[in-house]
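Structure first, commentary second.
Numbering (the numbering used here), first residue to last: -15 to 297.
What follows is the structure, given as C-alpha coordinates:
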(Lines of atoms letter the chains of each structure in order from A and count residues from 1; the text may use other names and numbers.)
(Lines give C-alpha, C1' and ligand atoms only; values in the text may rest on other atoms or scores of the structure.)
Protein backbone atom coordinates (compact mmCIF):
# COMPACT_ATOMS: atom_id res chain seq x y z
CA UNK A 1 0.00 0.00 0.00
CA UNK A 2 2.66 2.43 -1.00
CA UNK A 3 1.80 4.81 -3.38
CA UNK A 4 5.42 15.32 -4.33
CA UNK A 5 8.40 19.01 -2.09
CA UNK A 6 7.89 22.07 -0.12
CA UNK A 7 10.78 23.46 1.96
CA UNK A 8 10.91 22.02 5.44
CA UNK A 9 12.15 23.43 8.70
CA UNK A 10 11.77 19.96 10.23
CA UNK A 11 9.05 18.63 12.53
CA UNK A 12 8.11 20.07 15.85
CA UNK A 13 10.02 18.47 18.69
CA UNK A 14 7.36 18.98 21.33
CA UNK A 15 3.84 20.14 22.06
CA UNK A 16 2.30 22.42 24.64
CA UNK A 17 1.90 20.71 27.99
CA UNK A 18 -1.89 20.81 27.60
CA UNK A 19 -1.59 18.59 24.52
CA UNK A 20 0.20 15.79 26.34
CA UNK A 21 -1.44 13.23 28.65
CA UNK A 22 0.31 12.57 31.91
CA UNK A 23 2.88 9.81 32.27
CA UNK A 24 0.42 7.83 34.36
CA UNK A 25 -2.38 7.87 31.79
CA UNK A 26 -5.89 6.67 32.55
CA UNK A 27 -4.86 3.15 31.58
CA UNK A 28 -2.46 3.22 34.53
CA UNK A 29 1.29 3.00 34.19
CA UNK A 30 3.66 3.14 31.20
CA UNK A 31 2.66 1.70 27.84
CA UNK A 32 4.56 -0.09 25.09
CA UNK A 33 2.68 0.91 21.93
CA UNK A 34 2.97 0.22 18.22
CA UNK A 35 1.30 3.04 16.28
CA UNK A 36 0.29 2.82 12.63
CA UNK A 37 0.05 6.45 11.50
CA UNK A 38 -1.77 7.53 8.35
CA UNK A 39 -2.21 11.26 7.73
CA UNK A 40 -4.10 13.06 4.95
CA UNK A 41 -1.37 12.58 2.30
CA UNK A 42 -2.85 10.80 -0.73
CA UNK A 43 -0.61 11.76 -3.65
CA UNK A 44 1.77 9.40 -5.39
CA UNK A 45 4.35 9.64 -8.13
CA UNK A 46 3.45 6.19 -9.52
CA UNK A 47 0.35 5.17 -11.48
CA UNK A 48 -0.12 1.49 -10.62
CA UNK A 49 -3.38 0.37 -12.31
CA UNK A 50 -4.66 -1.36 -9.16
CA UNK A 51 -4.24 1.72 -6.92
CA UNK A 52 -6.88 4.47 -6.59
CA UNK A 53 -4.24 7.03 -5.54
CA UNK A 54 -2.04 6.62 -8.61
CA UNK A 55 -0.81 9.94 -10.00
CA UNK A 56 -3.08 11.87 -7.66
CA UNK A 57 -1.84 15.34 -6.72
CA UNK A 58 -2.53 16.94 -3.36
CA UNK A 59 -3.08 20.70 -3.42
CA UNK A 60 -0.59 22.96 -1.62
CA UNK A 61 -3.18 23.36 1.13
CA UNK A 62 -3.55 19.61 1.50
CA UNK A 63 0.21 19.21 1.68
CA UNK A 64 0.46 21.89 4.38
CA UNK A 65 -2.27 20.12 6.35
CA UNK A 66 -0.48 16.80 6.04
CA UNK A 67 2.81 18.33 7.17
CA UNK A 68 1.17 20.00 10.17
CA UNK A 69 -0.56 16.75 11.16
CA UNK A 70 2.68 14.77 10.86
CA UNK A 71 4.64 17.33 12.88
CA UNK A 72 1.99 17.24 15.60
CA UNK A 73 2.21 13.45 15.72
CA UNK A 74 6.02 13.51 15.77
CA UNK A 75 5.91 16.06 18.57
CA UNK A 76 3.58 13.83 20.58
CA UNK A 77 5.92 10.86 20.21
CA UNK A 78 8.89 13.01 21.21
CA UNK A 79 6.90 14.23 24.22
CA UNK A 80 6.59 10.69 25.60
CA UNK A 81 10.24 10.87 26.65
CA UNK A 82 10.50 10.50 30.40
CA UNK A 83 6.97 9.15 30.82
CA UNK A 84 7.98 5.49 30.84
CA UNK A 85 6.13 4.84 27.58
CA UNK A 86 7.95 3.18 24.69
CA UNK A 87 6.72 3.65 21.14
CA UNK A 88 7.17 1.99 17.77
CA UNK A 89 5.83 3.69 14.64
CA UNK A 90 4.91 2.46 11.18
CA UNK A 91 3.93 5.17 8.68
CA UNK A 92 1.37 3.74 6.25
CA UNK A 93 0.51 6.68 3.97
CA UNK A 94 -2.01 6.32 1.17
CA UNK A 95 0.50 8.30 -0.91
CA UNK A 96 4.28 8.18 -1.19
CA UNK A 97 5.70 9.87 1.88
CA UNK A 98 9.47 9.82 1.49
CA UNK A 99 9.45 12.18 -1.49
CA UNK A 100 8.21 14.76 1.07
CA UNK A 101 10.86 16.36 3.23
CA UNK A 102 8.71 16.28 6.37
CA UNK A 103 8.42 12.47 6.30
CA UNK A 104 12.17 12.09 5.90
CA UNK A 105 12.77 14.52 8.78
CA UNK A 106 10.23 12.72 10.95
CA UNK A 107 11.97 9.40 10.34
CA UNK A 108 15.35 10.91 11.27
CA UNK A 109 14.08 12.64 14.41
CA UNK A 110 12.10 9.67 15.71
CA UNK A 111 14.94 7.23 15.06
CA UNK A 112 17.15 9.23 17.43
CA UNK A 113 14.77 9.11 20.40
CA UNK A 114 15.74 6.52 23.03
CA UNK A 115 12.14 5.63 23.87
CA UNK A 116 11.32 4.87 20.19
CA UNK A 117 12.03 1.21 19.57
CA UNK A 118 11.43 1.30 15.80
CA UNK A 119 10.29 3.79 13.15
CA UNK A 120 9.40 2.33 9.76
CA UNK A 121 7.56 3.46 6.64
CA UNK A 122 5.90 1.89 3.64
CA UNK A 123 7.53 3.36 0.53
CA UNK A 124 8.17 2.79 -3.18
CA UNK A 125 11.78 3.98 -2.68
CA UNK A 126 11.50 6.63 -5.39
CA UNK A 127 13.15 9.14 -3.05
CA UNK A 128 16.87 9.78 -2.73
CA UNK A 129 18.59 7.77 0.01
CA UNK A 130 21.37 10.02 1.30
CA UNK A 131 19.19 11.41 4.11
CA UNK A 132 19.38 8.06 5.85
CA UNK A 133 22.95 8.86 6.89
CA UNK A 134 21.47 11.32 9.42
CA UNK A 135 19.28 8.69 11.09
CA UNK A 136 19.95 6.08 13.75
CA UNK A 137 19.81 3.03 11.52
CA UNK A 138 19.53 0.69 14.49
CA UNK A 139 15.98 2.03 14.97
CA UNK A 140 14.91 2.94 11.42
CA UNK A 141 13.61 0.50 8.82
CA UNK A 142 11.95 0.61 5.41
CA UNK A 143 9.07 -1.49 4.10
CA UNK A 144 9.68 -1.15 0.34
CA UNK A 145 7.36 -2.16 -2.48
CA UNK A 146 8.78 -2.78 -5.95
CA UNK A 147 6.36 -1.92 -8.75
CA UNK A 148 7.50 -3.42 -12.08
CA UNK A 149 6.44 -1.14 -14.92
CA UNK A 150 6.73 1.96 -12.72
CA UNK A 151 10.49 1.97 -12.30
CA UNK A 152 13.36 0.54 -14.32
CA UNK A 153 14.83 -2.61 -12.77
CA UNK A 154 18.43 -1.37 -12.79
CA UNK A 155 17.42 1.98 -11.28
CA UNK A 156 15.53 0.27 -8.48
CA UNK A 157 18.31 -2.22 -7.82
CA UNK A 158 20.79 0.66 -7.62
CA UNK A 159 18.66 2.17 -4.81
CA UNK A 160 18.82 -1.17 -3.00
CA UNK A 161 22.62 -1.16 -3.35
CA UNK A 162 22.64 2.33 -1.80
CA UNK A 163 20.61 1.02 1.15
CA UNK A 164 23.05 -1.86 1.54
CA UNK A 165 26.03 0.50 1.53
CA UNK A 166 24.39 2.68 4.18
CA UNK A 167 23.60 -0.33 6.35
CA UNK A 168 19.87 0.36 6.24
CA UNK A 169 17.40 -2.26 7.40
CA UNK A 170 14.70 -2.98 4.82
CA UNK A 171 12.44 -5.53 3.21
CA UNK A 172 11.13 -5.46 -0.36
CA UNK A 173 7.88 -6.79 -1.73
CA UNK A 174 5.99 -7.31 -4.95
CA UNK A 175 2.27 -7.68 -5.61
CA UNK A 176 1.67 -11.22 -6.85
CA UNK A 177 0.30 -10.38 -10.28
CA UNK A 178 1.15 -12.97 -12.96
CA UNK A 179 2.83 -10.29 -15.09
CA UNK A 180 5.16 -9.49 -12.15
CA UNK A 181 6.56 -12.99 -11.72
CA UNK A 182 9.53 -12.70 -14.08
CA UNK A 183 10.49 -9.30 -12.64
CA UNK A 184 10.21 -10.65 -9.10
CA UNK A 185 12.42 -13.62 -9.96
CA UNK A 186 15.04 -11.34 -11.48
CA UNK A 187 14.96 -9.04 -8.47
CA UNK A 188 15.34 -11.94 -6.04
CA UNK A 189 18.32 -13.26 -8.00
CA UNK A 190 20.11 -9.89 -7.87
CA UNK A 191 19.19 -8.68 -4.38
CA UNK A 192 21.50 -9.27 -1.48
CA UNK A 193 20.62 -12.64 0.10
CA UNK A 194 20.26 -10.73 3.39
CA UNK A 195 17.19 -8.89 2.06
CA UNK A 196 13.80 -10.52 2.52
CA UNK A 197 11.56 -10.42 -0.56
CA UNK A 198 7.89 -10.73 0.38
CA UNK A 199 4.96 -11.32 -1.95
CA UNK A 200 1.51 -9.85 -1.37
CA UNK A 201 -1.39 -11.80 -2.84
CA UNK A 202 -3.17 -9.58 -5.38
CA UNK A 203 -6.51 -8.35 -4.09
CA UNK A 204 -9.38 -10.53 -5.29
CA UNK A 205 -7.12 -13.08 -6.92
CA UNK A 206 -7.32 -16.84 -6.30
CA UNK A 207 -4.10 -18.79 -6.77
CA UNK A 208 -3.87 -22.35 -7.99
CA UNK A 209 -1.44 -24.57 -6.13
CA UNK A 210 0.99 -24.33 -9.03
CA UNK A 211 0.79 -20.52 -9.06
CA UNK A 212 1.20 -20.40 -5.29
CA UNK A 213 4.26 -22.64 -5.56
CA UNK A 214 5.90 -20.17 -7.95
CA UNK A 215 5.42 -17.32 -5.48
CA UNK A 216 6.37 -19.45 -2.47
CA UNK A 217 9.69 -20.22 -4.14
CA UNK A 218 10.41 -16.48 -3.81
CA UNK A 219 8.75 -15.89 -0.45
CA UNK A 220 8.52 -18.88 1.90
CA UNK A 221 5.84 -17.01 3.88
CA UNK A 222 3.55 -16.38 0.89
CA UNK A 223 1.09 -18.89 2.34
CA UNK A 224 0.07 -16.35 4.98
CA UNK A 225 -0.90 -13.87 2.25
CA UNK A 226 -2.49 -16.32 -0.18
CA UNK A 227 -5.78 -16.60 1.72
CA UNK A 228 -7.74 -14.21 3.92
CA UNK A 229 -7.68 -15.19 7.59
CA UNK A 230 -10.87 -15.83 9.56
CA UNK A 231 -10.79 -13.27 12.36
CA UNK A 232 -14.28 -12.79 13.80
CA UNK A 233 -14.18 -13.27 17.56
CA UNK A 234 -10.49 -14.14 17.54
CA UNK A 235 -7.98 -12.38 19.80
CA UNK A 236 -5.89 -9.62 18.22
CA UNK A 237 -3.28 -7.29 19.66
CA UNK A 238 -4.87 -4.29 17.94
CA UNK A 239 -6.75 -2.10 20.38
CA UNK A 240 -4.46 -3.12 23.22
CA UNK A 241 -0.81 -2.62 22.23
CA UNK A 242 -1.24 -1.83 18.51
CA UNK A 243 -3.23 1.23 17.41
CA UNK A 244 -4.13 3.12 14.25
CA UNK A 245 -3.80 6.92 14.38
CA UNK A 246 -5.04 9.35 11.73
CA UNK A 247 -4.06 12.92 10.99
CA UNK A 248 -6.28 14.54 13.61
CA UNK A 249 -5.19 12.08 16.30
CA UNK A 250 -8.25 9.83 16.18
CA UNK A 251 -7.29 6.42 17.54
CA UNK A 252 -8.81 3.19 16.26
CA UNK A 253 -7.77 -0.36 16.90
CA UNK A 254 -6.60 -0.76 13.29
CA UNK A 255 -7.01 0.76 9.84
CA UNK A 256 -9.87 -1.60 9.03
CA UNK A 257 -12.19 -1.12 12.04
CA UNK A 258 -13.87 2.28 12.10
CA UNK A 259 -14.87 2.33 15.77
CA UNK A 260 -13.03 5.16 17.57
CA UNK A 261 -11.19 4.52 20.83
CA UNK A 262 -10.52 8.19 21.59
CA UNK A 263 -7.90 10.75 20.66
CA UNK A 264 -4.14 10.48 20.95
CA UNK A 265 -3.60 14.09 21.97
CA UNK A 266 -6.01 14.32 24.90
CA UNK A 267 -5.20 10.82 26.21
CA UNK A 268 -8.83 9.69 25.93
CA UNK A 269 -7.76 6.48 24.16
CA UNK A 270 -5.80 5.18 27.16
CA UNK A 271 -8.66 3.89 29.35
CA UNK A 272 -10.04 1.98 26.37
CA UNK A 273 -6.90 -0.07 25.73
CA UNK A 274 -7.82 -3.68 26.39
CA UNK A 275 -7.70 -7.14 24.85
CA UNK A 276 -10.63 -7.49 22.47
CA UNK A 277 -11.64 -9.93 19.72
CA UNK A 278 -11.76 -8.87 16.08
CA UNK A 279 -15.24 -7.72 14.96
CA UNK A 280 -14.64 -8.40 11.24
CA UNK A 281 -15.26 -11.76 9.51
CA UNK A 282 -11.83 -11.95 7.83
CA UNK A 283 -8.54 -10.07 7.71
CA UNK A 284 -6.67 -10.10 4.40
CA UNK A 285 -3.99 -7.40 4.79
CA UNK A 286 -0.60 -8.11 6.34
CA UNK A 287 -0.62 -4.96 8.51
CA UNK A 288 -3.80 -6.33 10.07
CA UNK A 289 -3.47 -10.10 10.32
CA UNK A 290 0.16 -9.97 11.50
CA UNK A 291 -1.30 -8.93 14.88
CA UNK A 292 -3.79 -11.82 15.17
CA UNK A 293 -2.85 -13.92 18.18
CA UNK A 294 -4.12 -17.06 16.42
CA UNK A 295 -1.30 -16.78 13.87
CA UNK A 296 2.41 -17.37 14.64
CA UNK A 297 3.58 -14.19 12.91
CA UNK A 298 4.97 -12.45 16.02
CA UNK A 299 7.36 -15.39 16.21
CA UNK A 300 8.02 -15.47 12.46
CA UNK A 301 8.73 -11.72 12.37
CA UNK A 302 10.13 -11.32 15.89
CA UNK A 303 12.12 -8.10 16.01
CA UNK A 304 10.81 -7.06 12.59
CA UNK A 305 7.02 -7.03 12.79
CA UNK A 306 6.59 -3.43 11.63
CA UNK A 307 9.12 -3.59 8.79
CA UNK A 308 8.09 -7.12 7.74
CA UNK A 309 11.45 -8.82 8.19
CA UNK A 310 11.42 -12.43 9.47
CA UNK A 311 13.38 -13.18 12.60
CA UNK A 312 15.60 -15.74 10.91
CA UNK A 313 16.36 -13.65 7.81
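Virtual Cβ for every residue (Gly too), placed ideally from N, Cα, C.
The C-beta distance from residue 235 to residue 245 rounds to 5 angstroms, short enough to meet the 8 angstroms contact threshold. Taking all protein chains in view, the Cβ of residue 77 is crowded by 16 or more other Cβ atoms within 10 Å, so the residue is classified as buried.
The residue among 44, 145, 52 and 99 with its C-alpha nearest the C-alpha of residue 232 is 52.
Under a 10 Å Cβ-count criterion, residue 24 is classified as buried, with 16 or more other Cβ atoms of the shown protein chains found around its own Cβ. Segment contact: the stretch 182 to 193 against the stretch 154 to 168, three or more CB-CB distances shorter than 8 angstroms; contact assigned.
Between residue 154 and residue 294, the C-beta spacing is not below 8 angstroms. Fewer than three Cβ pairs drawn from the stretch 200 to 207 and the stretch 238 to 255 lie within less than 8 angstroms of each other, which leaves the two stretches out of contact. By alpha-carbon distance to residue 175, the top candidate from 275, 209 and 156 is 156.
Excluding its 5 nearest sequence neighbours in each direction, residue 284 has C-beta neighbours in its own chain below 7 angstroms: 205, 294 and 295, listed in chain order.
Within the stretch 132 to 181, the complete alpha helix (DSSP H) segments of 4 residues or longer fall at 137 to 150 and 165 to 174, listed in chain order.
With distances taken between CA atoms, residue 210 lies nearest to 182 out of 221, 219, 222 and 182. Beyond the five residues adjoining it in sequence on each side, residue 92 comes within less than 6 angstroms, by CB distance, of 118 and 119 in the same chain, given in chain order. Short of 6 angstroms from the beta carbon of residue 250, and not among the five residues preceding or following it, lies no beta carbon of its own chain.
Within the DSSP bridge table, the entry for residue 257 names no partner.
Only buried fits residue 80, as 16 or more other CB atoms lie within 10 angstroms of its CB. Counting C-beta atoms within 10 angstroms of its own C-beta, residue 166 has fewer than 16 neighbours from the protein chains shown and is therefore classed as exposed. In the structure shown, the three-state DSSP call for residue 198 is helix. Secondary structure note for residue 243: it is in no alpha helix (DSSP H), and the uninterrupted beta strand (DSSP E) holding it is 241 to 247.
Under DSSP, residue 18 forms a beta bridge with 72 and 226. Rounded to whole angstroms, residue 215 and residue 289 show a C-alpha spacing of 19 angstroms.
Counting along the chain, no alpha helix (DSSP H) covers residue 236; the unbroken beta strand (DSSP E) around it starts and ends at 234 to 238. Distances from the CA of residue 107 to each of 263, 95, 129 and 113 were compared; the closest alpha carbon is that of 129. For residue 57, same chain residues with a beta-carbon under 6 angstroms away, outside a window of 5 residues either side, are 21 in chain order. Rounded to whole angstroms, the gap between the alpha carbons of residue 287 and residue 112 is 26 angstroms. Counting the other CB atoms within 10 Å of its CB gives residue 274 a total of 16 or more, which places it among the buried residues.
Per DSSP, the unbroken beta strand (DSSP E) holding residue 127 starts and ends at 124 to 129. Residue burial is scored here from C-beta neighbours: residue 132 has at least 16 other C-beta atoms within 10 angstroms and is therefore classed as buried. Each of 85, 14 and 110 was checked against the Cα of residue 66, and the nearest Cα belongs to 14.
Comparing alpha-carbon positions, the option among 255, 238, 252 and 168 lying closest to residue 271 turns out to be 238. DSSP places residue 293 in the coil class of the three-state scheme, outside both helix and strand. A distance below 8 angstroms separates the beta carbons of residue 100 and residue 123.
Beyond the five residues adjoining it in sequence on each side, residue 196 comes within less than 7 angstroms, by CB distance, of 206 and 210 in the same chain, given in chain order.
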